[in-house]
Amino acid sequence: MNDSFLEQGLAQTTLHPLGLEVTRANGSFLYHPDGKRTLDFISGIGVSSFGHNHPEIIAAIHDQVDRHLHVMVYGEFRQSAQHQAADHLLTLLPSHLDSVYFVNSGAEAIDAAMKLTRRSTQRQKICSFYGGYHGNTYGALSVSANAQRKRPFAPLVGDVEQLPWNDLEGLGSIDESTAGVILETIQGDAGIRIPDETWMVALRRRCTDVGAKLVLDEIQCGMGRTGKAFAFEHFGMEPDYLCLGKALGGGLPMGALVAPSNEMRLFAEKPSLGHITTFGGHPVPCAASAVATKLLAQMDWERVERIGQSIEDRILATGKAQKVRRKGLYIAVELADASQVQKVVENALNQGVLIFFFLSTPQAFRIAPPLTISEEELSFGLEVLTTVLEDEI
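Counting in our numbering, the sequence shown runs from 1 upward without gaps.
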């Protein structure tokens with residue numbers, strides 16, 4: 001057991017932390033005290049999608065820090081950084097998604113969405129899906145699927161029903177008592193599970209027919225990760241509410257609930273301050289987010305897909321993977337068992353490439369490099385990864 005964090009007065013989240021010491025990060029690399037560097041092939045679990053310390057993001061952060069930091073709880077003062085971040089984000093989204101509530105994390109966005117579905121429909125039941133992962137606040141944990149992770153913290157939020165994923169018959173459980181349906185557009189922790197377009201369209205139709213709000217969780221799979229600005233663009237449908245996080249802040253803590261303004265305003269009355277946050281919409285993350293969404297709008301999606309396909313092809317060519325599941329640069333590599341995954345992750349790290357596990361899918365590892373990764377960096381990462389797969393399995 002490694003108690004290195006506890007020994008330094010810090011909370012610890014696992015008995016086996018990686019324990020890497022990072023002195024700086026730039027582009028696709030993390031740098032360590034001994035001068036060595038590690039290729040970040042997972043973008044800080046989907047956060048640093050535009051690379052570490054992107055110069056435009058850093059410049060915007062410095063500019064905002066020189067202006068001011070926190071000045072008031074969200075929703076009381078007008079702050080240019082918040083307006084700019086919202087404007088840049090909304091230009092990329094369908095017209096009915098015209099109001100943003102900035103919060104501090106993706107999990108907080110899920111909690112806000114759960115509240116708004118109940119407030120706007122005056123109903124209680126919330127449906128989510130087996131395999132889903134939405135975060136670790138009480139609300140987000142309640143609509144997540146992993147029973148083993150939920151059990152120690154029970155009882156959780158009530159009136160939540162889990163439905164079979166990608167199953168047309170299961171949609172019948174969504175009825176006139178349902179306030180909201182929460183779904184990862186592409187499931188992340190389940191090992192990058194991609195639903196059928198026909199099921200997604202049927203889900204959209206069912207929610208419309210019964211008056212339930214469809215909430216898409218794109219905390220991990222949004223912001224360009226799947227090769228489009230937002231993952232729902234792959235499926236010919238749109239959500240009622242959208243939850244974002246991770247890459248939204250350009251490397252700073254940030255989440256967002258995006259919803260129609262006529263429904264978002266319900267948080268402001270009966271009661272007033274129906275949803276409130278001290279640090280949500282903090283001007284520094286907002287300044288970074290405005291640049292991140294600008295970079296997103298400029299992304300070369302053909303290149304993103306080409307890189308993703310090259311990663312998939314190289315891994316499959318080793319003959320060691322049971323399966324590769326991928327959309328854009330959102331990638332899961334499934335091996336024979338968890339012990340093989342452990343070996344590959346450890347040996348890749350020893351050779352300077354960081355890949356990582358899934359919480360609920362131990363037989364697979366994740367790859368999610370920065371969308372801006374260079375050809376040289378990609379070549380290095382693939383050379384290490386394919387060598388490890390071929391030599392160690």
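The beta-carbon is built from N, C-alpha and C at its ideal position, and this holds for glycine as well.
Quiz item: Closest by CA to residue 291, which one among 60, 357, 38, 40?
Solution: 60
Quiz item: Alpha carbon to alpha carbon, what distance is there between residue 338 and residue 127?
Solution: 30 angstroms
Exercise. Report buried or exposed for residue 72, applying the criterion of at least 16 other Cβ atoms within 10 angstroms of its Cβ.
Key: exposed
Quiz item: Do residue 133 and residue 196 have their CB atoms nearer than 9 angstroms?
Solution: no
Quiz item: Taking three-plus beta-carbon pairs below 8 angstroms as touching, is the segment 342-355 in contact with the segment 29-47?
Solution: yes
Quiz prompt | Distance, residue 179 Cα to residue 327 Cα | solution = 30 angstroms
Quiz prompt | Residue span of the beta strand (DSSP E) that contains residue 102, given as start and end | solution = 99-103
Quiz item: In or out: residue 88 buried (at least 16 other Cβ within 10 Å) or exposed?
Solution: buried
Self-check item: CB-CB length for residue 362 against residue 333, believed under 8 angstroms
Solution: Rounded, the Cβ-Cβ distance is 13 angstroms, inconsistent with contact.
Quiz item: Which residue's Cα is closest to the Cα of residue 187: 53, 174, 19, 164?
Solution: 164
Quiz prompt | Cβ contact check for the segment 312-328 and the segment 107-125: 3 or more pairs under 8 angstroms | solution = no
Quiz item: residue 121 to residue 106, Cα distance in whole Å?
Solution: 23 angstroms
Quiz item: What is the rounded straight-line gap between the Cα of residue 167 and the Cα of residue 272?
Solution: 40 angstroms
Quiz prompt | Among 153, 293, 143, nearest to residue 160 - alpha-carbon criterion | solution = 143
Quiz prompt | Span of the beta strand (DSSP E), counted from its first residue to its last, around residue 162 | solution = 160-163
Practice problem: Mind checking who residue 364 pairs with in its DSSP beta bridge? | Solution: 334
Quiz item: If residue 52 and residue 27 are in contact, beta carbons under 8 angstroms, what's the gap, nearest whole angstrom?
Solution: 6 angstroms
Self-check item: residue 75 versus residue 217 - alpha carbon distance
Solution: 24 angstroms
Quiz prompt | Close Cβ partners of residue 207 (< 6 angstroms) along its chain, the five nearest in sequence each way excluded | solution = 181, 214
Quiz prompt | Host beta strand (DSSP E) of residue 29 (start-end) | solution = 29-31
Practice problem: For residue 394, write down the residues that DSSP places opposite it in a beta bridge. | Solution: Residue 394 lies beyond the residue range present for the chain, which begins at 1 and ends at 393; the question has no answer from this structure.
Practice problem: Keeping to the same chain, check which residues put their C-beta closer than 6 angstroms to that of residue 347; ignore five residues upstream and five downstream. | Solution: 388, 392
Quiz item: Which residues in the same chain as residue 374 place their Cβ atom closer than 8 angstroms to its Cβ, once the five residues preceding and following it in sequence are excluded?
Solution: 27, 28
Practice problem: Could you tell me whether the Cβ atoms of residue 255 and residue 224 are closer together than 9 angstroms? | Solution: no
Practice problem: Classify residue 306 as buried or exposed, calling it buried when 16 or more other Cβ atoms lie within 10 Å of its own Cβ. | Solution: exposed
Practice problem: Kindly indicate which residue of 100, 47, 19 has the alpha-carbon position closest to the one of residue 261. | Solution: 100
Exercise. Report all residues from its chain with a CB closer than 8 angstroms to the CB of residue 183; omit the five preceding and five following residues, and keep chain order.
Key: 128, 129, 132, 203, 214, 215, 216, 217
Quiz item: Would the beta-carbon of residue 84 fall within 9 angstroms of that of residue 336?
Solution: no
Practice problem: Quick one: using the 10 Å Cβ neighbour count with 16 as the cut-off for buried, is residue 229 buried or exposed? | Solution: buried
Self-check item: Limits of the alpha helix (DSSP H) - the one that residue 262 falls within
Solution: 261-264
Exercise. Identify whether residue 145 lies in helix, strand or coil by the three-state DSSP scheme.
Key: coil
Exercise. For residue 102, verify whether its CB is less than 8 angstroms away from any heavy atom of the ligand MN.
Key: Summarising the ligand content, the structure contains no ligands, and the ligand MN is consequently not present.
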